[in-house]
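Quick notes on the structure that follows.
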Amino acid sequence: MTEWFPSEQWLERYRENLNANERYAADSEGWGVDFDGDFLFVVQNLPLEETTVGDLPDDIVDPLVGELETLDDDELAALRASATDDFAARLDGEGHDTFVGTMLATPLDDVPAEVWPGLRAYFPDELDDLLGQLEAYVDDGTAVVHVALEDGECQAIDLLADPDGVETGFELRGRYPVWKELIEGADVIESVMSRDMQFDGSVTTVLEYDDAAAEMGDTAGETPARYLF
Amino acid sequence: MKEVSANRAWPRSPGMARQATPTYRAERIDTTSKWYDLFQKGVELGTWNVEKLFDEVGFEQDRETWAELDDDERKQIRFLLSGFLDGEFAVGEDASHHLQRIMDADCFDDNEEMAMYMTMFTLTEHKHTQFVDTYMHEVMGDQDMYAELNPNRGGARVPVVQATGLNEIFDRQGMLTARAAHSEDPVDIARALTVYHMTVEGLLARAGFYAINKLSVNADLPLLNHGFKFISTDEGRHITHGVEALTQLIEKEEAGKPEFQGVQQGILDELYETVPAVADFGYMFTDAVDDPLEIGYDDLILRVGNLIDGLYNETLGLDIAYRDVVGRVQDRYLECLEMDLDAEIEQYQEVYQKKRGVAADGGVGR
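Chains as they are written, first to last, in my numbering: chain L, 1359 to 1587; chain G, 13 to 378.
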């Protein structure tokens, strides 16, 4: 199954694929054994402010629209009555279309404040889960992933709800579109040299394992992804 | 008319620099040429006077700091400046002897204005030598630099430059600029300018400027910093000149002119051939001496990586094999780690002593 990027599900699939990559295992033997080989991947400028619920891919949004359009008048009236003040203020008229349109025009950044539990209950599981991850792990447009790497194995890969104080041997930072390009096959070394990405850590150590780094990139490219943005 | 002293240490501020559109026109000189503009900028901004700088900033603080530094810290700065000393000698010589002739080649459009700029160019290269050589003597004290054996007199370079292999890039620069000056072939010229302007000035010198900036956090050397700020500004114009010249050659290749075919490949070949020198130079003043002043080889290499992308990809529009480039630098770095630098230096010192006809007694010059 093709997972959404960014999401916990895609990261876990990536971890599985990386651990199934024999070339990676061979090339990264010894990595992180006598030094901290963990990475932080910092994904910046996630477009939560400028992306509305309706901008998300149709595969995710259409089921929500279907749910809301089939509400009967009483259910819709009950929902309207329980709306948050901000959502109610944006409602400009009656009827299903207005309600659905207002919902779809909600920026992702405002979903936690504007979408109340009564409405959230109609969200399909997949959308609810993805929005929950964005709420939990994205702060000011930035998500931080901790990648635990040691001796040829990716031991864990986790989105961090509270990255403050987490220290790793290496860190790679970049804007979301650059990460997307990486997953689509761009070269991480070119991205760092061109300053599209920022790298912290020992360059010489990474270059000593440059084949392993290339395999990490290749595996990302080979892990199917559907993009939220 | 009010006179402006052209003999002061400080050039006029950038805000007073001439505007892009020239005020004057001439008969034979094209005052709209990029090289005329570089020449004029050189006249305005490159007129800093080394001796006046010494007088105005003074050696006192630098000498005081030098006296307080630990031996390993002194060694680190000495190694860094040794690279600059031999580098500046080499570029000064090659500019005087070969670049002047290269700029007269038929493959360029603005020969007259290029020749004008080369006078400024060569002058500044020699001023850089003047600054580094004098600074090392006046601040760092007596040291055996084997002056009478220097390359200009058929001798050899500073032992640490020989020992790390950094000398090879200067030797290659001399060979390629001489060949290009003789043949005036566009591909030969592209190769020569790549080594001179892109690798030596664009990567090595700028890596050195970065190192001087970083070490100044831990070593208060105001004269060194002042001097290198001026040198860095001069080098910026030199690199612009090199980029403009290479761009002209590339445009003619892309226009299909037969004699220019191979220019871009020549530039890339020289990048791959000479980029390991970054490891030679970076290693000799960082990891080779345990980096007491915390310059950081890793940070330096990242900085150079950015410069390579900026020069070759963004500016010249060439398609670089990034992995090949970093792989070559890394391979050379690993070779450097295997080296016993002190033993190598001693070997070169012995060779130099023999050249003098005296007993090899482990001379102190490094």
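Even for Gly, the Cβ is constructed at its ideal location relative to N, Cα and C. Note that the structure is a prediction, hence the values are computed from the model and not measured.
Against chain G, does residue i count as a neighbour if the rule is that its beta carbon must be under 8 Å from one of theirs?
| i | result |
| --- | --- |
| L:S1365 | no |
| L:D1545 | yes |
Any C-beta of chain L sitting closer than 8 Å to the C-beta of residue i?
| i | result |
| --- | --- |
| G:R344 | no |
| G:D310 | yes |
| G:G317 | yes |
| G:G214 | no |
Can you give me the C-alpha to C-alpha distance between residue i and residue j, rounded to a whole angstrom?
| i | j | result |
| --- | --- | --- |
| G:L97 | L:Q1513 | 50 Å |
| L:E1511 | L:G1395 | 11 Å |
| L:P1582 | L:T1360 | 5 Å |
| L:L1507 | L:D1516 | 12 Å |
| G:M130 | G:H109 | 11 Å |
| L:A1575 | L:D1569 | Position check: residue 1575 of chain L holds Gly in this sequence, whereas Ala was assumed. Computed Cα separation, rounded: 10 Å. |
| G:S94 | G:R37 | 44 Å |
| L:V1419 | G:I279 | 52 Å |
| L:D1432 | L:H1454 | 11 Å |
| L:E1573 | G:Q359 | 43 Å |
| L:W1362 | L:D1417 | 11 Å |
| G:M210 | G:V255 | 8 Å |
| G:N318 | L:V1550 | 8 Å |
| L:D1487 | L:G1476 | 16 Å |
| L:L1414 | L:G1490 | 14 Å |
| L:E1493 | L:S1365 | 12 Å |
| L:Y1585 | L:Y1372 | 15 Å |
| L:V1496 | L:P1521 | 11 Å |
| G:D121 | G:V199 | 16 Å |
| L:W1538 | G:L216 | Position check: residue 1538 of chain L holds Lys in this sequence, whereas Trp was assumed. Near 34 Å, if we compare the C-alpha coordinates of G:L216 and L:K1538. |
| G:L235 | L:D1385 | 48 Å |
| L:T1563 | G:A289 | 19 Å |
| G:F91 | L:V1502 | 41 Å |
| G:A168 | G:Q174 | 8 Å |
| L:E1525 | L:G1499 | 20 Å |
| G:L227 | L:V1561 | 20 Å |
| G:R335 | G:D343 | 12 Å |
Under 8 Å Cβ-Cβ, which residues of chain L neighbour residue i?
| i | result |
| --- | --- |
| G:D321 | E1548, M1551, S1552 and R1553 |
| G:Y158 | Result: empty, since nearest Cβ-Cβ is about 32 Å, beyond 8 Å. |
| G:G339 | L1565 and D1568 |
Check for me: the alpha helix (DSSP H) holding residue i runs from which residue to which?
| i | result |
| --- | --- |
| L:Q1402 | From DSSP, L:Q1402 is part of no alpha helix (DSSP H) but of the beta strand (DSSP E) over F1397 to Q1402. |
| G:Q73 | E72 to E80 |
| L:Y1372 | E1366 to N1377 |
| G:V316 | Y309 to I320 |
| G:R86 | D83 to D106 |
| L:M1555 | It is not in any alpha helix (DSSP H) - L:M1555 instead sits in the beta strand (DSSP E) that spans M1555 to D1558. |
| G:C348 | Y334 to E350 |
| G:Q365 | L353 to R368 |
| L:A1463 | Where L:A1463 is concerned, there is no enclosing alpha helix (DSSP H), given that its DSSP letter is neither H nor E. |
| G:L215 | No alpha helix (DSSP H) holds G:L215; DSSP gives it neither H nor E. |
Which residues in chain L sit within 7 Å of residue i, going by Cβ to Cβ distance?
| i | result |
| --- | --- |
| G:L314 | F1557 and V1561 |
What are the start and end residues of the beta strand (DSSP E) that includes residue i?
| i | result |
| --- | --- |
| G:Y158 | It is not in any beta strand (DSSP E) - G:Y158 carries neither H nor E in the DSSP assignment. |
| L:R1608 | The displayed coordinates of chain L run from 1359 to 1587. Any statement about residue 1608 of chain L would go beyond what the structure contains. |
| L:F1528 | F1528 to R1533 |
| L:W1362 | E1361 to F1363 |
| L:L1517 | E1511 to L1517 |
| L:H1504 | A1501 to E1508 |
What does residue i reach in chain L if we use C-beta pairs closer than 9 Å?
| i | result |
| --- | --- |
| G:R335 | D1545, I1547, E1548, D1568 and A1572 |
| G:N325 | E1548, M1551 and S1552 |
Any heavy atom of the ligand PLP inside 7 Å of the beta-carbon of residue i?
| i | result |
| --- | --- |
| G:Y364 | In the structure on display, the ligand PLP does not appear, and there are no ligands present to speak of. |
Exercise. Would you call the segment 90-107 of chain G and the segment 181-197 of chain G touching, i.e. three or more CB-CB distances under 8 Å?
Worked result: yes
Exercise. Given 8 Å as the limit, is there contact between the segment 1523-1532 of chain L and the segment 1555-1569 of chain L, that is, 3 or more CB pairs closer than that?
Worked result: yes
For this session: Decide if the segment 211-231 of chain G is in contact with the segment 304-316 of chain G; the criterion is three or more beta carbon pairs, one per stretch, under 8 Å apart.
Result: Counting Cβ pairs under 8 Å, three or more are found: they touch.
Exercise. Would you call the segment 184-195 of chain G and the segment 263-281 of chain G in contact, with 3 or more CB pairs under 8 Å?
Worked result: The segment 184-195 of chain G is not in contact with the segment 263-281 of chain G.
Exercise. Would you say the segment 1421-1430 of chain L touches the segment 1480-1495 of chain L, given that touching needs at least three Cβ pairs under 8 Å?
Worked result: Contact holds: three or more Cβ-Cβ distances are below 8 Å.
Problem set entry | Contact between the segment 1403-1417 of chain L and the segment 1458-1474 of chain L (3+ Cβ pairs under 8 Å) | Under the three-pair Cβ rule at 8 Å, the segment 1403-1417 of chain L counts as touching the segment 1458-1474 of chain L.
Problem set entry | Contact between the segment 129-145 of chain G and the segment 54-71 of chain G (3+ Cβ pairs under 8 Å) | yes
Exercise. Below 8 Å, can you find three or more Cβ-Cβ pairs linking the segment 248-263 of chain G to the segment 142-161 of chain G?
Worked result: no
Exercise. Taking contact to mean at least 3 C-beta pairs separated by less than 8 Å, is the segment 215-228 of chain G in contact with the segment 307-316 of chain G?
Worked result: With a cut-off of 8 Å, the segment 307-316 of chain G and the segment 215-228 of chain G count as touching, because enough Cβ pairs lie within range.
For this session: Could you tell me whether the segment 344-359 of chain G touches the segment 316-336 of chain G, using the rule of 3 or more Cβ pairs below 8 Å?
Result: no
Problem set entry | the segment 200-209 of chain G contacting the segment 257-264 of chain G, beta-carbon criterion three pairs below 8 Å | Yes: the two stretches touch, three or more of their Cβ pairs being nearer than 8 Å.
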